[in-house]
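Here the working numbering is used: the first residue of the sequence shown is 259, the next is one more, and so on. We put the CB at the ideal spot given by N, CA and C, even for glycine. I have placed the structure first, in the form of structure tokens, so that the comments after it can refer back to it.
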Amino acid sequence: MLYQKYIVIESLIEELHGMDLSDEERQHLASLVDSSLHHAILDEILSNLSIEDKKIFLMKMSQDPEDDKLMEFLNERVENIEDKIKSASEQLVKELHKDIKEAKQK
């Protein structure tokens with residue numbers, strides 16, 4: 259994905275492996291983590307684009323979500339978008355760590 263280099267979920271995956279879960283449950287939770295990050299980052303991106311740029315971005319993303327030019331497009335239109343993406347992902351990872359810690363204590 260275009261923003262993969264901005265997020266680090268290995269620590270969350272390690273936390274999940276430390277929990278008493280079946281492989282299926284662990285895999286499902288890892289999938290939810292990935293989906294949550296995807297949505298949080300898309301929300302951050304779309305919140306910083308004009309209506310017209312949102313349409314262009316979504317069209318380009320639907321055609322090729324791996325296209326390196328997507329980040330170029332975003333950088334041209336949103337100041338510090340890479341920092342904003344990283345911040346949004348770090349905030350969510352922090353919240354998920356907190357949720358996992360609370361779940362372990364139950």
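**Study point:** DSSP state of residue 312 mapped onto helix, strand, coil
**Key:** Helix.
Review point. How many angstroms separate the CA atom of residue 315 from the CA atom of residue 267?
Key: Here the alpha carbons of residue 267 and residue 315 stand approximately 25 Å from one another.
**Study point:** Cβ shell of residue 269 (< 6 Å), same chain only, five flanking positions each side left out
**Key:** If we look at residue 269 and ignore the five residues flanking it on each side, it has no Cβ neighbours.
**Study point:** Rounded C-alpha distance that separates residue 353 from residue 332
**Key:** Their backbone Cα atoms lie some 26 Å apart in a straight line.
Review point. Residues in its own chain within less than 7 Å of residue 302 by CB, not counting five upstream and five downstream?
Key: Excluding positions up to five away in sequence, the list reads 342, 343 and 346.
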